[in-house]
Structures are given as C-alpha cells and as structure tokens.
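Residue numbers (my numbering), protein chains in the order written: chain A, 482 to 765; chain B, 482 to 765; chain C, 482 to 765; chain D, 482 to 765; chain E, 482 to 765; chain F, 482 to 765.
Backbone N, C-alpha and C fix where the C-beta goes; we use that ideal spot for every residue, glycine too.
Please read these numbers as outputs of a predicted model, since none were measured by experiment.
Protein chains: 6
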Amino acid sequence: MFYHVKELQYHAKPDRPDPLFAKQLQEVLGGQFGEISVALQYLFQGWSVRGNGKYKDLLMDTGAEELAHIEMLATMIARLLDGAPVGDLETAAKDPIIGAILGGMNPQHAIVSGLGAMPADSVGNRWTADYIIASGNLLADFRANLNAESQGRLQAVRLYEATNDRGVKDMLSWLIARDTMHQNQWYAAICELEAKENIVVPSTFPRQKEKREVSYVLFNYSQGDQSAKGRWANGPSMDGEGTFKYVQNPQPYGEKPKLMPAPKYIHDTLPAVLRNDDIPPNLA
Amino acid sequence: MFYHVKELQYHAKPDRPDPLFAKQLQEVLGGQFGEISVALQYLFQGWSVRGNGKYKDLLMDTGAEELAHIEMLATMIARLLDGAPVGDLETAAKDPIIGAILGGMNPQHAIVSGLGAMPADSVGNRWTADYIIASGNLLADFRANLNAESQGRLQAVRLYEATNDRGVKDMLSWLIARDTMHQNQWYAAICELEAKENIVVPSTFPRQKEKREVSYVLFNYSQGDQSAKGRWANGPSMDGEGTFKYVQNPQPYGEKPKLMPAPKYIHDTLPAVLRNDDIPPNLA
Amino acid sequence: MFYHVKELQYHAKPDRPDPLFAKQLQEVLGGQFGEISVALQYLFQGWSVRGNGKYKDLLMDTGAEELAHIEMLATMIARLLDGAPVGDLETAAKDPIIGAILGGMNPQHAIVSGLGAMPADSVGNRWTADYIIASGNLLADFRANLNAESQGRLQAVRLYEATNDRGVKDMLSWLIARDTMHQNQWYAAICELEAKENIVVPSTFPRQKEKREVSYVLFNYSQGDQSAKGRWANGPSMDGEGTFKYVQNPQPYGEKPKLMPAPKYIHDTLPAVLRNDDIPPNLA
Amino acid sequence: MFYHVKELQYHAKPDRPDPLFAKQLQEVLGGQFGEISVALQYLFQGWSVRGNGKYKDLLMDTGAEELAHIEMLATMIARLLDGAPVGDLETAAKDPIIGAILGGMNPQHAIVSGLGAMPADSVGNRWTADYIIASGNLLADFRANLNAESQGRLQAVRLYEATNDRGVKDMLSWLIARDTMHQNQWYAAICELEAKENIVVPSTFPRQKEKREVSYVLFNYSQGDQSAKGRWANGPSMDGEGTFKYVQNPQPYGEKPKLMPAPKYIHDTLPAVLRNDDIPPNLA
Amino acid sequence: MFYHVKELQYHAKPDRPDPLFAKQLQEVLGGQFGEISVALQYLFQGWSVRGNGKYKDLLMDTGAEELAHIEMLATMIARLLDGAPVGDLETAAKDPIIGAILGGMNPQHAIVSGLGAMPADSVGNRWTADYIIASGNLLADFRANLNAESQGRLQAVRLYEATNDRGVKDMLSWLIARDTMHQNQWYAAICELEAKENIVVPSTFPRQKEKREVSYVLFNYSQGDQSAKGRWANGPSMDGEGTFKYVQNPQPYGEKPKLMPAPKYIHDTLPAVLRNDDIPPNLA
Amino acid sequence: MFYHVKELQYHAKPDRPDPLFAKQLQEVLGGQFGEISVALQYLFQGWSVRGNGKYKDLLMDTGAEELAHIEMLATMIARLLDGAPVGDLETAAKDPIIGAILGGMNPQHAIVSGLGAMPADSVGNRWTADYIIASGNLLADFRANLNAESQGRLQAVRLYEATNDRGVKDMLSWLIARDTMHQNQWYAAICELEAKENIVVPSTFPRQKEKREVSYVLFNYSQGDQSAKGRWANGPSMDGEGTFKYVQNPQPYGEKPKLMPAPKYIHDTLPAVLRNDDIPPNLA
C-alpha cells in the first residue's frame with residue numbers, strides 16, 4: 482500500500498520556461514529508460530519475489546523512490562511549458578524565436594495535455610510496458626536494473642550538458658547522483674548473488690545438459706580478427722568452468738534445412754510449383 | 482555486407498510436430514529477449530561504434546551469429562507446425578487432442594503465416610524495436626547485452642524443461658551453451674571497460690557536478706528495514722568514491738509544487754474554478 | 482513523494498491455484514481499464530493540475546490507492562500461478578486437465594515472468610500509455626475517470642461471475658466496492674464542476690464562434706428513424722443553450738473537393754495520368 | 482452497408498498552405514480523440530448492441546457522420562500541404578521561413594504520404610484501436626463517448642486558437658459545433674439510462690455481493706485533507722444507496738503477502754538464496 | 482459524406498455459436514489484412530488523390546464496400562459468441578468441451594467487449610494504422626491493394642477450410658468472391674497505369690540519375706546458384722530498359738567505414754578507450 | 482548461417498553533417514518500407530518456403546543484400562550526425578541555424594543513441610514487425626515484395642530530391658538502382674508464378690465454392706459513375722474466368738441484423754432497457 486506526501490523529494494523549478502527543453506526532458510520521464518520504466522520495473526520485480534527478505538525490500542524502496550522522480554519530472558516539465566505559445570506559420574514568420582518554439586516543441590503539449598507532462602518520450606512515443614523486465618530470477622533482473630540505471634544516468638548527463646538553466650541543472654544533478662547510488666546498489670546486489678550462485682544465469686541448470694563444446698567458443702563471423710585480442714578469447718572463462726577458445730573460420734554444424742510440404746488446406750504455394758525451376762515458356 | 486550459407490549453424494529438427502510448443506518457442510525467436518532482439522541490438526551497437534577495434538568486431542561477430550539463431554528457430558518452428566490441423570468447435574469436440582491443439586495453438590500460424598514461423602512472441606505480439614538498446618556508450622550497452630543473454634538463457638532453459646522432444650532439447654542445448662558463452666563474453670568485456678573507466682556510467686561526467694551528498698544513500702521508502710542488511714547499505718561504495726549510508730526515515734528535500742495557471746487559450750480548468758473549494762450550493 | 486507499507490490494502494489469497502484464471506485476471510491489472518491505467522491516469526492528472534485545492538488532492542488520494550490495487554492483483558496472480566505446470570503436447574495428451582492448462586494459460590507466465598504477474602492484459606498485450614488521459618481540463622478528465630471506473634467495475638463483475646474461488650471472489654468484492662465509490666466520487670466531482678461551469682467542455686470557448694446552426698441538430702445518417710425518439714432529438718438541449726432538432730434527410734453543406742496537383746519532386750501520380758480516364762488501347 | 486457521396490459535409494478549404502499547421506491538425510484526425518477514434522468507436526458499439534432500438538440507431542447515425550469528418554480533415558490537411566517544400570540544412574539555412582517549415586513539419590507528409598493526410602496524430606504516432614471502447618454496456622460506453630467528445634472539442638478549440646487562417650477556423654467552428662451537439666446527445670442518452678438503471682455501472686450486479694463497508698469511503702492516501710471538502714466526502718452518496726465517509730488515516734486491511742517458492746523447473750532465484758540475508762563473506 | 486443502411490450487404494448468420502471460431506475470424510476483421518485495413522487504406526488513398534477521375538472513384542467505391550464487410554464480420558462474430566460461457570479451472574474440469582472453449586476462446590470477448598466483435602486480430606493485437614499504405618503514387622498503392630486482396634483472400638480461404646458451419650461458409654464464399662473481384666480490379670488498374678507510365682515506380686525519376694550499372698544485376702549473396710535459373714537473371718529486364726545479369730561472387734564496392742569520435746558532451750565511450758585493444762593487466 | 486565482411490556494399494559518406502537530414506533518412510532505414518522491413522520480410526519468407534528451389538534462393542540472396550543496406554544507412558546517418566549540437570532555447574536563440582537544428586533534429590539522436598542511427602522512422606516510431614508479410618504463398622508474398630520495393634524506391638527518390646549533398650545523393654542513386662532491380666526481379670517472379678498458377682491468389686481454391694455471381698461485379702458505392710470507365714468494369718475479367726459487370730445502384734443482399742440478448746452474467750445493457758424506446762418521464 483502506498484502513501485503520498487505532497488512535498489517533492491527534491492526541487493523541480495527552472496529559471497525560465499523552455500518548451501523545447503520540456504520536449505527533450507520527456508525522454509527521462511516516459512522514454513525507454515525514463516522514470517516510469519524504472520518505477521514499474523522495480524515494483525513488478527518486487528511483487529514477484531517469492532520470499533520476503535532484503536532483496537524484495539530493496540526493490541520496494543527503490544520503486545517507491547522512482548515514483549517520486551516521475552513526480553519531480555512531471556512538475557519540472559509543466560513549469561518549462563508555462564505560457565507556451567500556440568500558433569501557425571503566420572505567427573511563426575513574425576518572430577524567429579516563437580517560430581523555433583512552434584516548430585520544435587511537442588504539439589501535444591499544447592493540444593493534448595494542456596501544458597502538462599505526458600507519459601511519453603522525447604519524440605512523443607507513448608510509454609509501453611515493452612520497456613520493463615521482471616523474470617523472477619533476481620540475478621538476471623538486477624543486471625537489467627544495472628543497465629537501466631546506466632542508460633538512465635547517461636541520458637540525464639546528456640540533458641545536463643544540453644541546458645543552461647540552473648534550476649534544471651540543479652534537479653538533474655540530484656537525479657544523476659541518485660543514479661550513481663542505484664548503479665552502486667544493483668552492482669552490490671549483483672556481487673552478492675554472483676557470490677552465492679554463479680555468474681551464468683540461471684545457475685541452477687545442470688551444465689552437462691548444455692552443448693559444452695561450444696560454451697566458451699568465440700566464432701569469428703565477422704571478417705577480420707580484432708576480436709581475438711579480448712579477454713573473452715583468451716584464458717579461463719569468467720565463470721571458472723572452462724577455457725575461452727577463438728575459432729577463425731567457423732563452419733556450419735547443421736545441414737541445409739528442407740521443410741515438408743504444407744497440408745493442402747493451408748493453400749501455400751504447391752510443391753509442384755516450387756519444384757518447377759524452369760522459366761515458363763512464354764517468359765523465356 | 483553479409484553472405485548467407487544455406488547450412489544451419491546447428492541442427493533444428495524435432496522428433497515430431499507439436500503446434501503448442503511451436504507457439505511457446507516463438508518467445509525466444511520474436512519475444513523481448515528473442516534472437517531478433519539480440520541480433521539487431523548487437524548489429525546496431527556495432528554500426529554505431531565510433532572506432533574500429535576489437536569491441537566493434539566482437540559486436541559484429543555476435544550479431545551475425547544471432548542471425549543464424551533466428552534461422553534455426555524459424556526452421557524448428559516450421560517443422561513443429563508440420564501438418565498442423567485447422568478446425569472449429571465441431572472438429573475440436575470429436576478428438577480431445579485435436580481440440581487441445583486447436584484451442585492452444587497460435588491461430589495465426591495457420592491463418593497468417595501458412596505454418597511458418599512469425600516475427601512475434603509466444604502470445605503473438607509482433608516484435609518491436611522497443612526491445613533493443615544502443616546508446617553509443619559501450620559499458621552501458623554491454624550491460625544491456627549481459628542482461629539480454631541472462632534473460633534469454635533463462636527463457637531457453639524454461640523451454641528446455643517444458644518439452645520431452647529430444648530434437649528440440651538438442652537444439653536448445655546448443656542455444657543454451659551459446660548463451661553461456663555470450664554471458665561470459667560480455668562479462669569479460671565489461672570487466673575490461675570497468676578497469677579502463679569506472680563502474681559508474683558514464684565515467685566521464687565530473688563527479689562534483691552531481692549532488693554528491695545523496696550519491697551513496699539508501700532511502701528506506703518501503704516500511705521495514707530488511708534492506709539495511711545488504712552490502713549496498715554498508716561500507717565503501719562499489720565505485721570506490723564514497724561510503725554507503727542508510728536513511729531510516731527519508732524526508733522530502735523539496736516543497737509542495739504550485740504550478741502557474743495556464744494561458745487562457747489553452748482552456749484548462751480556470752483558476753477561479755480551481756480555487757473555489759466549496760461545494761456548490763445546489764449540491765450541498 | 483511516496484511511502485510504501487508492506488501490508489496489502491486488502492487480502493489477495495485464492496483458495497487454490499488456477500493459471501487459466503490468472504491469465505484472465507491480468508485484464509484488470511494491465512488492460513485498457515486495469516489498475517495501471519487508473520493509477521497513472523489519476524497521478525498524471527494530479528501532477529498537471531495548475532492549482533492546489535481539493536481536486537488535486539482527490540486525484541492524488543485515488544491515484545495512490547490504485548497503486549495498492551496493482552499490488553493486490555499482482556499478488557493474487559502470482560498465487561494463482563503457484564506450481565503452474567509446463568509441458569508440451571505429449572504432457573498435454575496424458576492428462577486432459579493439464580492439457581487444458583497448458584493450452585489455455587498465458588505461456589509468458591512461465592517463460593517470461595517466472596510465475597509472476599505481468600504488466601499486460603488477458604491476451605498478453607503489454608500495457609501502454611495510449612490508455613491514459615490527462616488534458617488539463619478537469620471536467621473532461623473526470624468524465625474520462627467516470628468512464629474508466631464504469632468499464633473497470635464492469636470487467637471486475639464479469640470476472641467475479643466467472644470464478645468459483647472464494648478467495649478471488651472476496652478480493653473482487655473489495656475492488657468492486659471501491660469502483661462503486663470511485664464512480665460516485667467522480668460523479669460528485671463532475672456535478673460540482675458542471676454547476677460551476679457548463680456541461681459542454683470547454684465552457685470557456687465563446688459560443689458565437691461555433692457554427693451555432695448545427696450545435697443542436699441530430700443528422701439521421703443511418704436509414705430508419707428510431708433515433709428520433711430520444712431525448713436528444715426533442716426539447717431544450719441539455720446545456721440550456723438551444724433546442725434539439727432532428728433532420729431526416731441530411732444533405733451536404735460542402736462541395737466535392739478537388740485537390741491541387743503535387744509538386745513534381747514528390748513524384749505522386751502525374752496529373753496527365755490522372756486526367757486520362759480512357760482505357761489504354763492495348764487493354765481495351 | 483454504406484453509401485458515399487462526393488460532397489463534403491462542410492467546407493474544408495484553408496486560405497493558404499501551412500505544413501506546420503497540417504501537422505498539428507493531424508491530432509484531431511488520427512490522435513487518441515481524433516475522428517477515426519470516434520467513428521470506429523460508435524460503429525463498433527452500434528454493431529454490438531444486442532437489440533435494435535433507438536440507441537443503436539443513434540450510434541450508427543453518429544458513427545456515419547464521423548466518417549464524414551475524417552474526410553473533411555483529410556481534405557483540409559492535403560490542402561494545407563499544397564506545395565510543401567522539401568530540403569536539407571543547406572536549403573533551410575537560406576531562408577528562415579523555409580527552414581522553420583522543414584524543421585517543424587512532419588517529414589512523413591513529404592516522404593511517406595506524398596502530401597496526403599495520414600492516419601496518425603500530431604507527433605506521427607499511427608492510429609491504434611487501443612483508443613476505442615465498446616463493452617456491450619451502453620451506460621458505460623456512452624460515458625466513454627461523452628468523454629471522447631469533451632476531449633475532442635477541447636482539442637479542436639485549442640487548434641482554433643492557434644491559427645489565423647479563416648478557412649481553417651471556419652471548418653473548426655463546424656466541428657466544434659458538432660462536438661457541442663454530440664456532448665449534448667450523449668449526455669441526454671446517459672440521463673435516460675441512469676433514469677432506467679442506476680448511476681453505478683453495471684446496475685445489475687447485486688450490491689450485497691460487494692464489500693459494502695467501503696463502497697462510499699474516501700481514503701485519504703495523499704497527505705493533507707483538502708479532499709475532505711468535496712461533495713464526495715459528505716452527505717448521501719450520488720447513487721442514493723449510502724452515505725459518503727472520509728477516512729483521515731487509512732490503515733491496511735490485508736497482511737504482508739508471502740509467496741510460495743516457484744517450482745524448480747522455473748529456475749527463479751532459489752529460496753535458499755532469498756532466505757540468506759547476510760552479506761557474503763568476501764564482500765563484507 | 483456517408484449514409485448507412487441497416488441491411489447487411491450479405492447474410493452473416495452461423496448455424497450455431499462457436500467462440501473458438503469467433504476468435505479466429507477476428508483475423509479478417511481486425512488483422513493486418515482484415516477489413517478495417519482495406520477500408521481505411523482505400524479511403525485514405527482516395528482522399529489523397531490529387532485529381533477527381535475514375536481512380537479516385539474506384540477507391541471510394543471499394544472503400545465504402547469494405548466498411549460493409551467490417552459490419553458483416555462484426556455481426557457474424559457477435560453471433561458466434563452467443564451465450565459463450567465464462568468460468569475458471571473448476572468449471573473447465575467438469576466438461577471437456579466447456580474446458581476447451583474457456584481455454585481456447587479470446588478472454589476479452591467476455592471480459593472486455595461483452596460478447597461483441599473487437600477491432601483486433603485472432604491473437605488479440607489491436608488494429609493499428611501501421612497496416613495501411615497510401616503514398617500519393619497510385620501505381621505503388623494499387624500494388625499494395627493487390628497484395629492486400631491476395632493476402633486477405635488467402636486468409637479467408639484458410640478460414641473457410643477450417644469450419645464446418647454452413648452459415649459461416651456461406652458468408653465466407655461471398656467475401657472470397659469479392660476478393661476475387663478486387664484482385665481482378667486492382668490488377669486491371671495496374672495494367673492501365675503500367676501502360677501509361679512504366680513498371681518501375683516512380684516512373685518520373687530520370688534513369689540517368691540512378692547508378693545504372695547495378696539496375697539489372699542479381700547479386701548472389703546466398704551460397705548456391707539456384708536463383709540463376711529464374712527469368713530475373715536472364716534476358717531483357719521486365720521494364721524494357723536493360724538486360725538482367727547474374728553475379729556469382731559479389732564483392733563490396735565500398736570500404737570499411739570509420740566513424741569520427743563523438744563530441745565530448747555526448748559521453749559515448751572515449752576514443753582512448755576504443756583505441757586501447759589490449760587486455761587490462763589485472764584481467765590478463 | 483551468415484558471414485559479415487567489414488566493407489560496405491557501396492559508399493556511405495556525406496559531404497557534410499546534417500542532423501535534419503539524418504532524421505529524414507531514418508525513414509528508409511527503420512520506417513514501414515525501410516531496409517529493416519525488406520530484409521526481415523525476405524528472410525522470413527525464405528525460411529518459410531517449403532521447398533528448396535530458386536524462389537527460396539532468390540529470397541535469401543535479396544534478404545542478405547538488404548542487411549547490407551541497413552548497414553550503409555546506419556553508417557550514413559551516424560556521419561550526418563557528426564558533431565551534432567545539443568542545447569536549449571537560450572542556445573537556439575543565439576544562432577538561427579543552430580536553433581533550426583535543435584528544433585528540427587530528432588532529440589533521441591543525441592539523448593538516446595549518442596549520435597548513432599536508430600531502428601526507427603523519420604518521426605521516431607520504433608520499427609515493428611507489423612510492417613512485414615510472409616504467408617507461405619509465394620505469389621501473394623511476391624506481390625507484397627513488389628509493393629515494398631515500389632514504396633521504398635518512391636521514398637528514396639523523394640529523399641534524393643530533398644538534398645543537395647553529393648555524397649548522400651551518390652548513395653541514394655545506388656539504393657534507387659537496386660530498387661529498380663528488385664522491382665524488376667519480383668515482377669519477373671510474379672510473371673512466372675502467374676503463368677504456372679492463375680492471377681487470383683490462392684489459385685488452389687475451387688472456384689465453384691465462391692459466390693460466383695459477384696466475382697466480377699463492380700458495385701458503385703460512391704455516388705457518381707466515373708469508375709464505370711475503367712478496364713475493371715468492361716470486358717473479360719483479368720483472370721480469364723468471367724466478365725466484368727458494373728452495378729449502378731447496389732442493393733443489400735442481406736437483412737437487418739438482430740442479435741440475441743447476452744447471457745445475464747455478462748452484464749451488458751438489459752434487453753428490457755434496450756426495448757424501452759420512450760423517454761423516461763422525468764426527462765420528457
């Protein structure tokens with residue numbers, strides 16, 4: 482169950498409106514690695530943990546915090562949109578700055594949301610649960626989380642570099658710091674789980690059931706052998722279960738597939754037509 | 482540029498048709514962590530690397546291999562669909578096994594693809610590029626890759642457990658082994674990059690610009706303090722730049738937001754209406 | 482900012498597992514009118530209110546409650562999936578009940594989420610922000626909310642009718658009661674706003690700017706005149722600004738459109754080709 | 482069955498081309514509350530009515546009219562795109578007005594549709610049936626319709642405010658007037674159904690089956706008690722079946738959920754790992 | 482503008498309900514090549530034609546007819562759903578036929594649409610305008626139409642083969658015949674346009690501007706030379722402008738791409754890291 | 482199985498960066514008819530062919546080539562983005578050219594992909610497998626392919642017209658030439674299959690099972706009889722099986738549909754309410 486307090490986790494006040502930047506900032510609210518994604522990802526992972534210890538609690542702590550980040554960004558975007566102009570080409574032609582705003586802002590910020598933030602990314606794609614990950618295997622999922630915080634911090638940093646507004650920069654410096662913590666925290670949790678299990682997910686599948694002769698082989702499918710110079714092509718494997726091997730000219734292990742004809746009631750192209758490789762006489 | 486050879490990377494032949502399992506197997510072909518996702522993810526990352534060394538080559542090697550995995554799965558699914566029945570409730574009522582197939586198989590395998598594999602997941606959602614990640618920052622992206630191979634191997638293992646067909650199990654044992662390699666390889670590449678940079682992505686953003694007082698703090702937003710027992714709440718931070726700290730009762734740093742009224746031409750609810758918190762007389 | 486407590490708002494424990502019903506129950510978690518939709522809809526509306534009175538507070542109260550409902554449903558679905566079987570056609574053929582489960586359950590509940598709830602509807606479509614509405618105009622949005630609670634209660638009732646499980650029914654009886662309250666509450670809020678403004682949204686657009694001669698006219702575009710018998714075709718209009726009128730044989734007010742040719746660099750079909758309405762001689 | 486006449490329902494001719502405004506106007510053609518949405522929503526509702534009286538006829542009348550509105554907007558957008566320029570940065574740099582058009586117009590209007598309207602919204606999201614609602618319960622659905630016409634009129638008004646083109650304004654004044662009628666008409670139909678049934682949808686579910694003790698309770702989940710001042714927190718409920726009640730400090734009715742471990746073949750994180758809340762020795 | 486008459490274009494009455502088949506039949510209503518797709522495709526093409534002759538009229542004729550087909554299918558599906566059962570595993574376990582229906586039907590037909598047709602395909606994906614095509618170039622678009630009618634008739638035939646219901650077969654025999662006409666009609670229109678223009682779309686682009694040396698070359702990128710035996714590898718090209726040529730071992734015409742480093746403020750992986758191809762000492 | 486060589490199929494180097502054009506060029510990379518679409522369409526068709534002759538080989542040849550085109554476009558787009566600026570309104574206000582870039586470029590090119598190409602179209606919609614077609618019937622699918630190459634060449638030509646950059650034009654002249662070949666090749670393959678089968682797809686469905694009396698009839702559903710002047714309304718049908726016929730005033734063959742009431746547990750509007758067409762007394 483959740484309680485809401487009206488104060489923001491941190492300040493979210495720009496120096497001045499900037500509808501162009503409001504559009505860009507949507508990326509970290511409603512984009513693939515925006516705050517909606519991490520909030521719902523952590524909460525769904527938490528609700529699915531089949532046990533009630535510290536990992537579940539950590540997920541719920543962080544999921545609840547990310548809800549507060551959605552709130553901060555929604556507030557900031559609404560303020561960046563304060564007094565945003567509307568208009569057509571005639572309006573745009575009169576004033577280059579207004580013109581740049583009208584051409585460059587997200588038109589849905591005026592027409593659809595009435596100058597409010599939207600659950601969408603910086604080009605207007607609505608948020609989708611395609612973005613989130615929850616598998617029931619925590620090592621797998623904490624890797625998803627570490628990635629999400631890495632991508633998210635990268636995007637926040639790029640936005641920080643793109644603005645001169647001190648209020649926006651101040652809020653972003655908070656979010657960037659929290660992403661630093663979240664990268665550290667998932668990293669720590671991953672280390673714990675790797676120490677208890679193994680680096681290969683899932684650790685519970687018996688290794689003899691996999692085709693072990695190719696478990697540590699790098700196949701060189703792209704011409705050139707620069708990739709032979711990496712740690713992944715030399716020495717003991719990272720999971721301590723084998724030795725890396727580099728194959729310069731990988732050959733197929735399988736054969737040319739030949740599929741059976743489809744049943745008649747499917748009305749695929751008939752085998753007789755497929756077998757007949759000549760050019761029909763009238764076309765020859 | 483790409484060349485195709487007709488032989489499969491590995492065998493893809495089931496013991497017998499099974500349209501229900503064909504539907505399930507679509508998950509690792511066209512689902513969020515299916516082979517289409519990893520193939521295009523690695524290729525797009527590779528094409529965007531701004532430098533031509535071993536990391537780019539590794540991405541192209543692996544991207545090209547994943548194309549071969551799409552091919553193996555497409556072949557296997559077509560064979561699992563061999564001779565799949567079609568029919569209505571009357572047909573289903575006559576034979577419980579046929580009925581189970583008709584009720585449980587993906588109807589598009591008959592109606593749409595004519596017993597071919599589809600670029601879709603196990604419930605029929607078409608594949609979307611929402612699933613893939615390429616940021617230009619390789620440490621971030623290799624974490625995405627390690628996650629993808631972790632989720633992918635987990636799904637392949639679950640499918641392996643779900644079938645009795647030796648041919649399917651044989652192919653899955655190949656794919657699971659390759660996922661073992663790919664987890665090892667991205668793990669190794671991540672270790673290299675973390676050694677050269679720092680574990681926090683991006684490593685190039687000056688730390689003094691982030692709000693450092695909250696860079697290593699765990700806020701306890703979910704009642705109960707189980708999360709205080711983790712490595713993430715104790716000792717030096719994983720990035721070596723600070724010390725973890727646990728905050729039992731996190732308080733807001735910000736204030737209640739109050740937004741400015743919208744311009745009149747937006748036709749949001751008027752400030753006068755919003756301010757008037759009484760119940761209208763005729764409703765009281 | 483949000484705090485989470487670990488207790489559920491209400492019990493979420495089924496009498497026994499039922500993976501088929503777990504799939505159906507996803508509809509009110511992650512479907513168009515599921516709890517994710519109402520939670521995010523109310524929160525986004527709340528964050529966008531440009532004023533801090535009772536309407537904003539009501540939105541935040543209810544949005545926070547809906548987060549608790551997501552949690553209850555996620556918990557219930559995970560329990561309905563307890564011990565869900567996996568298997569292929571061979572497994573299905575041995576036991577009709579297992580066969581029905583394997584054919585009828587959502588395969589992603591096993592393969593993807595590891596027996597956890599998913600942010601998806603009952604056929605597996607992932608949740609999308611296409612479902613939510615926040616315009617900045619509260620009367621419009623409260624109507625969206627009343628609709629959402631009407632559709633949501635209808636779906637919950639249909640699910641209630643579909644199960645014999647007393648635990649599930651108990652939880653649904655809670656959600657249905659809350660939907661009763663939420664319908665009542667948005668209804669009351671709508672009455673307040675209609676009393677302060679007008680029933681036509683937005684009330685702030687000057688009526689003389691609209692084409693008033695057709696503001697209260699029912700055009701009979703579907704043959705037959707049953708629709709003439711409704712309140713909408715007789716007497717004063719509901720907004721008190723006009724009189725309803727029924728037009729039996731509506732005629733066009735406009736003319737046949739004729740578009741200008743496209744510029745040459747667009748390479749649309751050339752005007753000369755379009756103008757030439759004869760059949761080419763070799764085809765005649 | 483449908484017949485088409487070539488005349489438009491109303492004029493759709495702008496004073497002059499304006500590719501920027503063409504992009505914005507797409508919102509009310511192919512957006513969430515555009516004319517495609519209402520046309521298909523009313524038609525699907527009408528086709529599903531299980532009875533042939535005035536409500537079905539009203540739906541078919543209005544659905545057919547909305548098809549005419551799609552046509553008007555498609556015509557208007559094509560004309561706003563007349564002679565739209567194409568070009569790159571070099572072209573843009575030469576003339577600020579051309580530059581504003583090239584930067585601000587929807588590039589698909591040139592590349593994809595060849596200066597025709599698209600079934601998409603103002604940021605280019607293609608129309609999706611996610612937007613439409615048809616439940617078989619007319620009171621629920623008419624509420625959806627009233628909402629759609631409220632949001633739609635709001636968007637049309639915002640577009641009206643944004644243009645100086647008299648031709649566009651003239652067409653919008655028609656559409657706004659029709660939205661006035663449609664709001665009035667669904668309002669009237671709702672009043673009829675509420676008079677015959679009850680305001681709570683569905684009215685046919687026996688009230689004793691819902692958890693009645695919380696059917697009229699406002700839980701204060703957001704700190705601060707502004708929401709206590711509304712009609713929804715005081716007096717008899719709107720449905721006449723109870724009395725509103727305000728709960729200042731809502732407590733959980735449920736308990737902490739504890740999920741059973743997953744079966745072994747799912748390969749979720751093992752219970753032993755989850756139970757082990759200590760920090761592994763090598764990390765401590 | 483459109484008028485609706487209440488009679489169906491043709492009968493749409495099954496012999497008996499069949500919720501499983503209702504689900505399958507959704508494919509030709511709301512799938513990629515269902516009636517919604519062709520209706521909106523033809524109408525959007527028609528509205529965009531920049532000229533008012535026979536091609537536009539043909540598009541409007543056929544678009545209006547397809548609306549009638551949506552209506553027939555919506556009616557048929559509602560009747561196939563008559564009295565569809567609802568229930569959980571307990572219900573399913575009691576009667577294998579009911580169990581097959583509950584497992585195999587689309588659960589949204591009960592929960593969401595209340596036994597009405599949905600704007601979705603046979604696996605429940607909602608219809609999307611991603612499916613439709615309108616470019617302003619009629620030869621291109623008529624090819625899209627011929628394809629749509631080919632795919633659509635193929636799907637209708639597969640459904641015809643799958644049912645024993647005489648009422649359903651009767652309706653499908655109508656739709657299949659109309660698809661025969663529509664394939665013939667677009668074929669005829671294509672012949673007319675190819676006679677007036679050229680088979681290559683667009684015909685208006687000066688051929689000397691394309692890289693003519695590869696305009697008629699088949700590159701053998703897939704090992705094996707079966708493709709050398711087709712008409713496409715021999716003789717004059719189909720457009721009469723060149724001669725087909727087969728290249729056994731295609732070589733690259735380009736060079737290895739080398740991208741410039743990204744600007745610092747993008748925070749991609751630094752050039753120094755990318756250049757450093759050694760294994761870091763602590764990993765070697 | 483696939484091998485990759487690092488050289489590009491053809492050069493992909495612009496004269497100078499142009500982030501606006503990079504955004505436009507995304508259309509032919511990741512749009513509905515971009516290179517991802519044709520690559521995966523041809524490969525999926527090829528993998529599904531149930532026979533191993535020249536048609537399958539042709540599909541694999543061309544599918545592999547299209548992968549090379551994705552690569553060329555990804556390279557070109559990355560180069561067009563070289564040194565793309567970032568910034569807010571303050572930056573934009575200082576320099577009109579920079580302002581035009583910031584307003585007009587795809588913000589995700591900076592924030593998300595770090596100046597790399599994206600699997601998305603020119604307005605930022607991510608690529609989806611909704612775009613691709615593979616039915617198992619080659620005549621149907623080759624028509625889809627001919628359409629794809631027609632739409633694709635049309636879009637490439639429009640982009641060619643829109644740029645002054647000689648490097649971009651050079652690459653496009655290659656792609657346009659290849660589209661010329663691909664239109665010719667699918668055209669040739671279609672001719673072969675039509676010669677072996679019949680122009681109507683599928684050719685294997687017995688004609689007596691379709692409602693032959695309407696197999697060659699043009700119904701005039703759009704007022705005006707321009708469409709009577711086409712080849713499709715006169716003379717023998719294109720498939721040689723009948724004679725075209727034009728029906729001026731098409732009448733319904735069916736009757737008004739009347740649906741049965743829904744079962745009580747669905748809670749649709751009750752029949753009693755639907756039958757009651759009077760206005761309730763309190764509203765009259």
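Rounded to whole angstroms, what's the CA-CA distance from residue i to residue j? Just pull it up for me.
| i | j | result |
| --- | --- | --- |
| Ala581 (chain A) | Ile582 (chain F) | 10 Å |
| Tyr484 (chain C) | Lys487 (chain A) | 11 Å |
| Pro687 (chain E) | Asp622 (chain E) | 21 Å |
| Thr556 (chain E) | Pro738 (chain F) | 7 Å |
| Lys537 (chain A) | Val519 (chain A) | 15 Å |
| Gln828 (chain C) | Ala709 (chain D) | Limits of chain C in this structure are 482 at one end and 765 at the other, which puts residue 828 (chain C) out of reach. |
Which of helix, strand or coil does DSSP assign to residue i?
| i | result |
| --- | --- |
| Lys726 (chain C) | strand |
| Pro731 (chain D) | coil |
| Ser529 (chain A) | helix |
| His485 (chain F) | strand |
Note down, in chain order, every chain D residue with its Cβ under 9 Å from the Cβ of residue i.
| i | result |
| --- | --- |
| Val486 (chain E) | Met482, Phe483, Tyr484 |
Along chain C, which residues have their Cβ under 7 Å away from the Cβ of residue i?
| i | result |
| --- | --- |
| Phe686 (chain E) | His748 |
Please state if the CB of residue j and the CB of residue i are separated by a distance shorter than 7 Å.
| i | j | result |
| --- | --- | --- |
| Pro495 (chain E) | Asp651 (chain E) | no |
| Asp749 (chain A) | Asn679 (chain F) | no |
| Ile579 (chain D) | Pro588 (chain D) | no |
| Asn628 (chain C) | Ala670 (chain D) | no |
Would residue i be called buried (16 or more neighbouring beta carbons within 10 Å of its own) or exposed?
| i | result |
| --- | --- |
| Asp759 (chain E) | exposed |
| Asp576 (chain C) | exposed |
| Ala753 (chain D) | exposed |
| Thr724 (chain B) | exposed |
| Gln729 (chain F) | exposed |
| Asn665 (chain F) | buried |
| Glu736 (chain F) | exposed |
Determine the chain C residues that contact residue i at a beta-carbon separation under 8 Å, and present them in chain order.
| i | result |
| --- | --- |
| Val681 (chain A) | Correct list: empty, because the minimum Cβ distance to chain C is about 17 Å. |
What residues from chain D crowd round residue i, counting only those whose CB sits closer than 8 Å?
| i | result |
| --- | --- |
| Gly511 (chain E) | Ala610 |
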